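Here the structure comes first, spelled out in structure tokens, and everything after it is commentary.
Numbering (my numbering), first residue to last: 2 to 138.
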């Protein structure tokens with residue numbers, strides 16, 4: 002967390018989200034919703050401490066951890082950001098997209114694609130259902 006804090010203070014971090022509730026999958030969705038942007042992510046590039054040659058994609062996406070963060074860094078700041086991490090394990094797992102599409106790739110193949118607008122509708126529907134309201138079409 003200290004290395005990440007230093008990168009934030011240095012102005013190298015565009016956006017950041019912890020992976021504590023819902024793991025990487027929820028962090029990706031929430032960042033896409035907040036930023037109104039998409040991303041293309043290769044989940045098999047996520048550093049994995051487990052002794053698994055190819056961990057299950059659901060494990061990588063939804064494994065919760067208080068010590069992991071999803072960080073967006075401008076391409077021109079990537080080298081400086083990585084230098085601040087020193088011995089902290091990290092992985093470049095993807096890029097942001099301006100087309101509002103979230104693409105998740107697994108073992109080389111596209112696992113799924115979500116339109117951020119569809120994701121937003123589902124999120125709003127969940128909020129309405131939680132408040133006891135019906136989703137209106």
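C-beta atoms are modelled at their ideal positions from N, C-alpha and C, and glycine is treated no differently.
It should be emphasised that the depicted structure is a prediction, and the values quoted were computed from it without experimental measurement.
Legend entry - 8 Å Cβ cutoff met for residue 101 and residue 112: For the 8 Å CB-CB criterion, residue 101 and residue 112 do not form a contact.
Legend entry - Option nearest residue 71 by Cα separation, candidates 110, 16, 81, 6: Relative to residue 71, the option among 110, 16, 81, 6 whose CA is nearest is 16.
Legend entry - residue 10, DSSP secondary structure in three states: Assigned with DSSP and collapsed to three states, residue 10 falls in helix.
Inset, instruction - Assess, as a yes-or-no matter, whether the segment 91–100 is touched by the segment 26–39 under the definition of 3 or more beta carbon pairs within less than 8 Å. - result: Here the segment 26–39 lies against the segment 91–100, with 3 or more beta-carbon pairs under 8 Å apart.
Legend entry - Inter-residue Cα distance where the pair is residue 30 and residue 56: The straight-line gap from Cα to Cα measures roughly 21 Å.
Inset, instruction - Could you have a look at residue 111 and say whether DSSP puts it in helix, strand or coil? - result: Judged by DSSP in its simplified three-state form, residue 111 adopts strand.
Inset, instruction - Could you tell me if residue 9 is buried or exposed, where buried requires 16 or more neighbouring beta carbons within 10 angstroms of its beta carbon? - result: Looking at its Cβ environment, which holds fewer than 16 other Cβ atoms inside 10 Å, residue 9 is exposed.
Inset, instruction - Consult DSSP for residue 89 and reduce its assignment to one of helix, strand or coil. - result: Collapsing the DSSP output to three states places residue 89 in coil.
Legend entry - Distance, residue 89 Cα to residue 74 Cα: Cα atoms of residue 74 and residue 89: separation of roughly 16 Å, rounded to the nearest angstrom.
Inset, instruction - Please name the residue in 69, 43, 13 whose C-alpha comes closest to that of residue 28. - result: The closest CA to that of residue 28, considering only 69, 43, 13, is found on 69.
Legend entry - DSSP state of residue 24 mapped onto helix, strand, coil: In this structure, residue 24 counts as helix in the three-state DSSP scheme.
Legend entry - Distance CB(residue 105)-CB(residue 47) smaller than 8 Å: Cβ atoms of residue 105 and residue 47: not closer than 8 Å.
Legend entry - Closest Cα partner of residue 64 within the set 7, 44, 78: Ranked by Cα distance from residue 64, the options 7, 44, 78 are led by 44.
Legend entry - Nearest-angstrom beta carbon gap, residue 62 and residue 24 [assumed within contact, 8 Å]: Going by Cβ atoms, the distance from residue 24 to residue 62 rounds to 6 Å, so yes, they are a contact pair.
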